[in-house]
Each structure stands twice: as structure tokens, then as C-alpha cells.
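A short worksheet on the structure shown next.
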DNA sequence: AACTTGACGCAACTGACCGTTGCATTTACC
DNA sequence: GGTAAATGCAACGGTCAGTTGCGTCAAGTT
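Residue numbers (the numbering used here), protein chains in the order written: chain A, 187 to 381; chain B, 187 to 381.
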């Protein structure tokens, strides 16, 4: 029954948006009396947070194709598809509707931590393979890939095609590797010059 | 008076959030009767859209320091500061609260188009200076810089320090330039190999 | 078997806010 | 001075939020 209410909450969220959530409606969808919902969750926000938390417990499939760029492109494609879907859009909107110190903000933080942790495996494997220099920050790379996709969809609302994703991954990966060489080169040069 | 209501709308938005907007409260803040607000704007969403539109008409100062990286770092810093502020957060939350085809979505699109257009000047100047290869897509570059900042603040809610901004700009700029050389190299090589 | 406990359903209630309407009043423009 | 548009004011019906008291049912306890 708890599951039924949470499912109904997500359904109502997708259909009516964050602002249009009505406890009575959710209860009806779940075949439950509204009183029960109030008794169990108390607040609309707590209910929403619980529903989103249960949803974000889903496993995050991480691409593993033996090549960084391929992995990152696949990841970017999944992110794009996820946040383009009605459910994804609703979830994101719900997250950003809460203030900084609400229950939702806490759930949001957990959500993102889990995603970054999972997808960081792509970078780790790449470092082991020698495709990326050791010492790179996995979260920074994932951010650099996912951020632009995110911004484009939630900002101007334009869609992101596969070519753009490929270019984006190219920019980040070569930027990381070439930048690292550059730094190493600079360090090597300064070692001989300063002492 | 119209201005007073719009100002009051923004103030109420920042204070109470998108969901907590009450027409009567806005009217009171503006020293106006709520009937007038209803007559002029009709819907809460229309009022909010108008207020946000008036706000986004503000000029966007574009850094011009004679160097791409410096310009982009300055821009990134401004973006970070803007969306970290209470007003900025509220505005973004308001934008993402509307569906895809609401009045708000339209305002959002205009908002972003204006920003990308203005900031694109940075890239154009860089191309003229020879710092970036000709033919680069200005919007892609701005997206690549602003996206990660955006994602980090609105996702995990972590703050972005200046070092991270500098690294980010480094990655993108070298990724663009080196990637372009790489492409030119590949093209030059394949020209001789395939025919 | 009788009892206790806890969860849920049901109905009703108060209160807040929404959006509307009819009317008086002001303002501005001709 | 007259007219039309914009605003203020008060009151309204309607919807939903939460709350409360009471009845029901199932599970476990003794």
C-alpha cells in the first residue's frame, strides 16, 4: 500500500506537475483514503521526497564498452534521454522546486551523489587503461559532460543530437589529456629553470 | 504601478518560492488591490511570466579582457554568482516549474537566447584574435562552460570555486583548439590516403 | 476464546485561498 | 464638463488543506 501511494505520487507528479499535486487525488489514485496519507507522511513535501527517494534507488546502468569516448557518449545519451522524458523532467522540476534545506534538497543530494559515484567507474577504468591521465577528478569529467546536456534541455529547451554529444565528449577528453600534458610539460620546464 | 506589481512579484517569489506565490500577498506588497492584478494579468502564471520577462530584459555585461580564457573565466564566475544568489535560484526554479509549452517556457527560451547571443561575442572576438579556430559554434562553447557550473549548483548543491572554473575553461578551450587541429590533421591525412 | 493494539476507512469540520462579480471612485482624455 | 477606462472595495461561491472523532478490521497476546 505504501508502494501504491508512492507510485500514485509519481504518476500525479508527472501528470499535474509539482504545483498541481493534490493529496486527495494521490490517495484516490492509490485506492486509499486521504487520511491514511496524512497520517503516514504528514506533509506533501515529505511524501514527495519519499516518492522521489524510492525512485532514485533504481540501479544506474553504467556503460562499459572498453573505450572512454564510447562510454561517455553512451552515458551522455542516457542522460539526455532520461531528462528529456516526461518522468525525468518532472523529477528534475520537483527537485528544483524545494529550497536549499528542504527534505527534497537532501534527497537531491543523495541522488546526485549516487549517480556521480556510479558513473565515476567509467573514468576509473579509463585511467587504468591509460586513456586518461592518473589523478583526474571523475566527478569533474562527468559534470563537464552532463552539464551542457542538462543546460541545453532545461535552459533554451533545444534538443541535443548525437553529433553534439560526440563533439562534447571529444572536447572534454582531449581537453583533459592535452591539458594534462601541457601541465606536465610546464612542470618539467620549471624544474630545470628555477633552482 | 505595473512596475510595482512586477517588483512585488519577484520579491514574493524570492521569499516564498514558486509554490507559495499568493496573488493577494503580491497585491498587498505593491499597495494595490488584488482585483486589479487579476484584471490585468488574469493568471498567476501570466503575471510570473511577465515579471520574469521584465527582469531578464536587464543588460548582460559581457567580459572583454582581451583573452579568451580570462573572458570565459570571468563569465563563468558571473554565472556562478548569479545562480547562487537567492534571486537567481528563485528565477531558475520558477522557469523549471512550468511545463514545456507554458508562458514561462516561452520566456525561458527568450531569456536563454538573449544570454547566448550576448555572450557569444566572447567567442567571436576570440576567433578574430586567432585564439579559437574559425567555424566554432559559440553557443556550444558557452554551454560547455556554463552547463557544468549549473549542474553542480542545482544538482548536488555543491559550490564551485574559482579553481574549478579555471580548470573547466582550460579543458574546453584546449579541447576545442586541439580537437580542431586533430580534425584538420585527420582530414589532411585522409586526403592523401583514400583517393 | 476473549482481549488489546495498531492501521485504515469514513464523514464532517474549520480555515485559507482562489477567482469572480457588482458597484463606487478616481483618473485621464476629449 | 462629459465620458470611458482603470482602480478600489466588499462580498460571494468553490476548492482544497489538514484535523478530528468514531467505526471497522486484522493480528497478535494471554
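The C-beta atom is built at its ideal place from N, Cα and C for all residues, glycine as well.
Cutoff 7 Å; reference residue i; Cβ partners in own chain excluding five residues on either side
i, result
"residue 197(A)", "215"
"residue 328(A)", "302, 305, 306"
"residue 259(B)", "351, 352, 355"
"residue 235(B)", "289, 290, 293"
"residue 248(A)", "304, 305, 307, 308"
Sequence-distant residues of the same chain with beta carbon closer than 6 Å to residue i, five excluded per side
i, result
"residue 226(A)", "none"
"residue 190(A)", "216"
"residue 242(B)", "297"
"residue 312(A)", "254, 318"
Selected residue, minimal CA-CA separation from residue i, among the options
i, options, result
"residue 229(A)", "314(A), 195(A), 357(A), 277(A)", "195(A)"
"residue 315(A)", "350(A), 253(A), 353(A)", "253(A)"
"residue 206(A)", "283(B), 251(B), 319(B)", "283(B)"
"residue 187(A)", "288(A), 237(A), 337(A), 362(A)", "237(A)"
"residue 351(A)", "333(A), 342(A), 201(A), 320(A)", "333(A)"
"residue 251(B)", "340(B), 204(B), 336(B), 308(B)", "308(B)"
"residue 323(B)", "359(B), 289(B), 342(B)", "359(B)"
"residue 273(B)", "277(A), 310(A), 285(A)", "285(A)"
"residue 281(B)", "310(A), 361(A), 203(A)", "203(A)"
"residue 342(A)", "341(B), 249(B), 325(B)", "325(B)"
"residue 269(B)", "365(B), 346(B), 213(B)", "346(B)"
"residue 295(A)", "348(B), 233(B), 344(B)", "344(B)"
Buried or exposed (CB count within 10 angstroms, at least 16 for buried), residue i
i, result
"residue 356(B)", "buried"
"residue 257(B)", "buried"
"residue 279(A)", "buried"
"residue 262(A)", "buried"
"residue 210(A)", "exposed"
"residue 338(A)", "buried"
"residue 275(B)", "buried"
"residue 321(A)", "exposed"
"residue 201(A)", "exposed"
"residue 363(B)", "buried"
"residue 245(B)", "exposed"
"residue 265(A)", "buried"
Three-state secondary structure (DSSP) of residue i
i, result
"residue 247(B)", "coil"
"residue 201(A)", "helix"
"residue 286(B)", "coil"
"residue 218(A)", "coil"
"residue 229(A)", "coil"
"residue 317(B)", "coil"
"residue 342(B)", "coil"
"residue 193(A)", "helix"
"residue 207(A)", "coil"
"residue 337(A)", "helix"
"residue 223(B)", "helix"
"residue 355(A)", "helix"
Close-in-space but distant-in-sequence residues of the same chain around residue i (CB under 8 Å, 5 per side omitted)
i, result
"residue 354(B)", "262, 331, 334, 335"
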